[in-house]
Amino acid sequence: MKIAFFSTHSYDIESMERIAKEDGVTPKHELKFFAPRLDATSAKLAEGCEGVCIFVNDVADEAALRVLAAGGTKAMFLRCAGFDMIDLKVAKELGMAVTRVPAYSPYAVAEHAAALMMTLNRKIHRSYNRTREQNFRLAGLLGFDLHGKTIGVVGTGKIGALFARIAAGFGCKVLGYDVVQNPEALSYGVEYVSQDEIWARSDIISLHCPLFPSTKHTINAESIAKMKDGVMIINTSRGGLIDTKALVAGLKSGKVSAVGLDVFEGEGDYFYSDRSGAIIADETLARLFTFPNVIITGHQAFFTKEALDNIGHTTMANINAYEAKEELVNEVK
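Residue numbers (the numbering used here): 212 to 544.
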């Protein structure tokens, strides 16, 4: 079986090739790596490939899936936890199996969220730039003790629960909101409350939920208006959870004191590429870069050696199970 991998970089190729050998996927199957994101145009690259492996910013919409199906694709292997980039209804109609990697980097993402929180609070990014120019003044670098603060966690699955555990370790009061209460989160002392209580009571809000139509723009002008003055917002989950224009308005008014983003709505045109010599056409993203109290990282929260290994091994297990016609334990239906 030929398998086409889209949105690949040097680290993806090295990791996947090594793990494919370890897990017996190669030389039995042929892996083909492509740098472009999957879309209706690049899908033609996968002609003759029964399997296609994609990542978070690929676009497996109806147009792309129909091109893939015409070229012989029968299985989609997502090397990520989220599946909002694929049209599952069309995939099912075309008879395509769809698998994912449900929990490849919970510690990595939770730790990155905490790093953003700490950096914003203690102004580490600003201090770093100052001291490199021998400016050792402290004015403008005042932070606050995390101990005793209230942190709201929206989405208390594996990642959200681990972030709650980290926050509790600082001595924070942790509030949680989710459609289902997680016993692990409860064991860390999370108090489950309504979403409105999260907005009203939290000094810091961190998003750890998937992107569905029901969660799109969870943070918007209305929810921001309900938040504490000076709230800090962290998002390491999906960019579409935040109405970015409303976020900019909150920053301009001072309602929102700091923002840490590892994801951005519309990031697919920018993230995972070097755009340092280009003009950012997205006016909202460009505006965010002008705020000294905003930190944006390029969807790197997952990016640890352990996470890449987990992604690789689970993806290869999904490929082996599909080829052997075994139960697809990580199937997305």
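We treat Cβ as the ideally placed atom computed from N, Cα and C, and that holds for glycine.
3 or more residues per run - each beta strand (DSSP E) lying fully within the segment 359-446: As far as the segment 359-446 is concerned, its whole beta strand (DSSP E) runs of at least 3 residues are 361-365, 384-388, 415-418 and 442-446.
Residues bridged to T310 (per DSSP): Listed as beta-bridge partners of T310 by DSSP are F288 and E542.
Is it the case that the segment 311-329 contacts the segment 342-349, given that we only count it when at least three CB pairs across the two stretches are under 8 Å? Taking 8 Å as the limit for Cβ pairs, the verdict is that the segment 311-329 does not touch the segment 342-349.
Looking at C-alpha atoms only, which residue of A457, E233 and A246 is the closest neighbour of S484? Comparing Cα-Cα distances from S484 to each of A457, E233 and A246, the minimum goes to A246.
Rounded C-alpha distance that separates K239 from K255: The straight-line gap from Cα to Cα measures roughly 23 Å.
On the criterion of 16 or more Cβ atoms from any shown chain inside 10 Å, does I230 qualify as buried, or is it exposed? Label assigned to I230: buried.
Cα-Cα separation, G282 to V470: Cα to Cα, G282 sits roughly 44 Å from V470.
Determine whether the beta carbon atoms of G479 and N332 lie at a separation below 8 Å. Cβ atoms of G479 and N332: not closer than 8 Å.
Beta-carbon separation of S316 and N521 under 8 Å? Result yes, Cβ atoms of S316 and N521 sit closer than 8 Å.
Rank F423, L397 and E261 by C-alpha distance to the C-alpha of K369 and give the top, closest one. With respect to the C-alpha of K369, the residue from F423, L397 and E261 having the closest C-alpha is L397.
Report yes or no: is there a C-beta of chain C within less than 8 Å of the C-beta of R341? Of the protein chains in this structure there is only one, and it is not chain C.
Specify the secondary structure class of L472 as computed by DSSP and reduced to three states. Annotated three-state conformation of L472 is strand, per DSSP.
Looking only at C-alpha atoms, which of A535, T526 and E538 sits nearest to C291? Comparing Cα-Cα distances from C291 to each of A535, T526 and E538, the minimum goes to T526.
If you check the beta carbons only, do I415 and I445 fall under 8 Å apart? For I415 and I445, yes; Cβs fall inside 8 Å.
Pairwise C-alpha distance: S413 and F266: Note on geometry: alpha-carbon atoms of F266 and S413 lie some 33 Å from one another.
Check whether H358 and F381 have beta carbons under 8 Å apart: Contact flag set, yes.
Taking C-alpha atoms, which residue in G259, I214, K516 and R449 lies nearest to Y607? For the chain, the structure presents residues 212 to 544; residue 607 sits outside this window and is missing.
Are the beta-carbon atoms of S468 and N504 separated by less than 8 Å? In contact: S468 and N504 (Cβ atoms closer than 8 Å).
Limits of the unbroken alpha helix (DSSP H) element including A607: Here the chain has residues from 212 to 544 only, and residue 607 is not among them.
Every unbroken beta strand (DSSP E) inside the segment 214-281 [3 residues or more]: Here the runs fully enclosed are 241-244 and 262-265.
Between M443, A512 and L519, which has its C-alpha nearest V474's C-alpha? The option with the nearest alpha carbon to V474 is A512.
On the DSSP bridge assignment, give the partners of L467 in chain order. The sequence as given places Val at residue 467; Leu does not occur at that position. Answer is V442, bridged to V467.
Do R343 and the ligand GDP come close, with the Cβ less than 7 Å from some heavy atom? Ligands in the displayed structure: none, and consequently the ligand GDP is not present.
In this structure, does DSSP put I530 in helix, strand or coil? I530 falls in the helix class under three-state DSSP.
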